[in-house]
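Report on the structure given below.
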Amino acid sequence: MTASNLFTPLARSFFARSPRAVARELLGKILIRDDDDSRLAARIVEVEAYLGESDPAAHAYAGNTARTSVLFGPPGYAYVYFIYGNHYCLNVSCEREGKAGSVLFRALEPLQGIEEMARSREITLSGPRDLPKLTSGPGRLAQAFSITRARDNGRDLTSPNSSLWIGADGFRPKTIQITARIGITKAADRPLRYVLKGNAFVSGRLSRPKPKPRKAFDM
DNA sequence: ATATCGATTATCT
DNA sequence: GATAATCGATATG
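With the first letter of the first sequence counted as 1, position 11 gets the number 225 in this note's numbering; the numbers rise by one all the way through.
Written out as C-alpha cells, the structure reads:
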C-alpha cells in the first residue's frame, strides 16, 4: 500500500470551481502532512472563501504580483502568505488559470500526530482541553503543520506524493454554518466563512460583528 | 467573560 | 510610511 492509506486524494477538478463551492465542500476533508517517517492528519472544520480580483478583502484584489501569482495559476495549489510579521496562513487556489480565487484554512480538528503538532507549536498539552490550541486558527494550524511560504507556497495539494495534500475519508458533514469572515476590514459583511456547526475546534469567539463604535454624545 | 494591545516584517501606496 | 486573511498576554467586569 502507499502512503495515502486511508485517505483518498481530491481531483484537481474539485478545486476548479468557485471559492464558495470549494469552501463548502472542503469542510470535513483532511489536511495531511507526510514526512519521511511521520504523518500529520487533521479534519478541516472552518474555512473562508476569497473571491479573487473582485473581492476587496482578497490578496488577489491587488492583481497578479510576485506574492499572489499562485492565486492566478491553476487550481489545487497552496498559497501561503506571511502576516503581522509573525504568522503563516494556508490557502488553496480555486477557479482556473488566469482567474484568481482561494479558500483560507482557518481551523482543523487533529486526528493523527498530535504530539508532533504540539512540538511544532512549542506548547505543552495539559489535557484534551488544550487541543484547540494546536490547530484552531489559521496561524496556529500553519505552525502545527510546519507550513511556511518558503517550503509550501505553490505546492500541489492534490497529489498524495506531495508532503502536504488534502484527502477524504468518507466523513459527511451534518450541519454547515455560514457567517461573515473574521479579521478583515474590507467587505467584512459578506457570508463567506464556512464552519462545521458545533465543532469544538472552530476558531474565534462565535462571530459577533464588533459592536459599532458609538459615542454617547457629539458636539 | 470580553476588551485592548504589542509584536514584527512582507507587501503595497 | 502604513497596513495586515493573527496570536498571546494583560487588563478589566
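C-beta atoms are modelled at their ideal positions from N, C-alpha and C, and glycine is treated no differently. Nothing here was measured: the structure is a model prediction, and the numbers come from that model.
Please classify isoleucine 297 as buried or exposed, where buried requires at least 16 other C-beta atoms within 10 Å of its C-beta. exposed
Buried or exposed for aspartate 366, please, with buried defined as at least 16 other CB atoms from any protein chain shown within 10 angstroms of its CB. buried
Spell out a yes or no on whether the stretch 337-352 and the stretch 406-418 are touching, meaning 3 or more CB-CB pairs, one atom from each, closer than 8 angstroms. yes
Distance CB(glutamate 309)-CB(serine 252) smaller than 9 angstroms: no
Rounded to whole angstroms, what is the Cα-Cα separation between glutamate 336 and alanine 272? 30 angstroms
Considering just the uninterrupted stretch of the beta strand (DSSP E) at isoleucine 297, what are its terminal residues? 292-297
In three-state terms, what does DSSP make of isoleucine 380? strand
Reference isoleucine 244, options Ala274, Ala280, Ala314 and Pro387, closest by Cα: Pro387
Measure the C-alpha to C-alpha separation of glutamine 391 and threonine 399 and round it to an integer number of angstroms. 21 angstroms
Within its chain, find whatever has a CB closer than 8 angstroms to the CB of glycine 277; leave out the 5 residues flanking it on each side and keep chain order. Glu267
Delimiting residues of the beta strand (DSSP E) encompassing valine 259: 252-264
How many angstroms separate the CA atom of tyrosine 434 from the CA atom of glycine 384? With the chain covering 215 to 433 only, the question about residue 434 has no answer from this structure.
Could you check where the beta strand (DSSP E) with phenylalanine 385 kicks off and where it finishes? Phenylalanine 385 -> no beta strand (DSSP E), and no H or E assigned at all.
In angstroms, rounded to a whole number, what distance separates the CA positions of alanine 225 and glutamate 311? 16 angstroms
Can you check whether the CB of glycine 327 is closer than 9 angstroms to the CB of phenylalanine 221? no
Evaluate alanine 280 with the Cβ neighbour count: other Cβ atoms within 10 Å of its Cβ, from every protein chain shown; 16 or more gives buried, anything less gives exposed. exposed
Kindly identify the DSSP beta-bridge partner or partners of lysine 436. Beyond the ends of the chain as shown, which are 215 and 433, falls residue 436; an answer cannot be given.
Can you tell me the Cα-Cα spacing of isoleucine 396 and aspartate 344, whole angstroms? 22 angstroms
Which residue or residues does DSSP assign as beta-bridge partners of alanine 394? Pro405
Local Cβ density within 10 Å of alanine 358, reported as buried at 16 or more and exposed below that: buried
Apply the 10 Å Cβ neighbour rule to serine 307 and answer buried if 16 or more other Cβ atoms are within range, or exposed otherwise. buried
When the Cα atoms are used, what is the spatial distance from asparagine 440 to alanine 292? A question about residue 440 goes unanswered here, because the residues of the chain that appear run from 215 up to 433.
Using 8 angstroms for Cβ pairs, my map puts valine 261 next to leucine 318. What's the rounded Cβ distance? 6 angstroms
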